[in-house]
Amino acid sequence: MDTEETPRQRLARLMDVRRSELQLTWNEVAEKAGITREGLRRTRVKTGPIRSLTKRGIENALAWEPGSIDSILAGGEPTVRVRHVPVGTATSVEEAPPIGRRKTQLDLEVPTDEELRNSALQPETIEALLAMRRRVERWVKERDENAIRRANRVTDALDEERDAG
14 MDTEETPRQR LARLMDVRRS ELQLTWNEVA EKAGITREGL RRTRVKTGPI
64 RSLTKRGIEN ALAWEPGSID SILAGGEPTV RVRHVPVGTA TSVEEAPPIG
114 RRKTQLDLEV PTDEELRNSA LQPETIEALL AMRRRVERWV KERDENAIRR
164 ANRVTDALDE ERDAG
């Protein structure tokens, strides 16, 4: 019995690994690739040629550099697309500013839960702000790429409430 992986089986396996790394469903991969889920399945299991447009769509959806699918089919490895970000920009949650702090010229402090509870704010406002903080902390923990923007919105809300009170 031949247990060696065919190029197409290897492609399917590496696509699945990358899909898992990106925490995407197959439906999301197909949508990002601009193809149907059935078209994506055929790409993984059939043996015929893959259209160039389909390859590029899948490579884009999986954040691979163009030519990665051809490389895999030839026995090579995919190349993960490198994001170019400005110097000083956080590229991971670990590098991002701590939740509860917003980097500005003034580097404003966000009040602690205790400070909020002891403030002159209305109880419902305090609870809403605490709930927002918990949601933002959960988003950051789950590595939500928009968490920092949301954290800044919470900080803005705290600033507005403090200015109004």
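Residues in the sequence shown are numbered consecutively from 14, following this note's numbering. All residues carry an ideal CB built from backbone N, CA and C; glycine is no exception.
**OP:** For Val95, name the three-state secondary structure that DSSP assigns.
**Re:** coil
Subject >> Residues near Arg94 in its chain [Cβ-Cβ closer than 7 Å; skip 5 each side] >> reply: Ala76, Trp77 and Glu78
Original post:
Considering only the beta carbon of each residue, do Pro20 and Leu86 sit closer than 7 Å?
Top reply: yes
**OP:** Look at the alpha carbon of Ala144 and the alpha carbon of Trp39, and state the distance between them as a whole number of angstroms.
**Re:** 33 Å
**OP:** To the nearest angstrom, report how far apart Val42 and Glu173 are at their CA atoms.
**Re:** 40 Å
Original post:
Nearest-angstrom Cα distance between Leu59 and Gln36?
Top reply: First, the residue type needs correcting, since residue 59 is Lys and not Leu in the sequence shown. Those two C-alpha atoms are separated by around 24 Å.
Original post:
Would you call Ala46 buried or exposed, if buried means 16 or more other Cβ atoms sit within 10 Å of its Cβ?
Top reply: buried
Subject >> Nearest to Leu24 (by Cα), restricted to the options Arg148, Gln135 and Arg54 >> reply: Its Cα nearest to that of Leu24, the residue Arg54 stands out among Arg148, Gln135 and Arg54.
Original post:
Since Ile82 and Lys68 are thought to touch, with beta carbons under 8 Å apart, how far apart are those beta carbons, to the nearest angstrom?
Top reply: 5 Å
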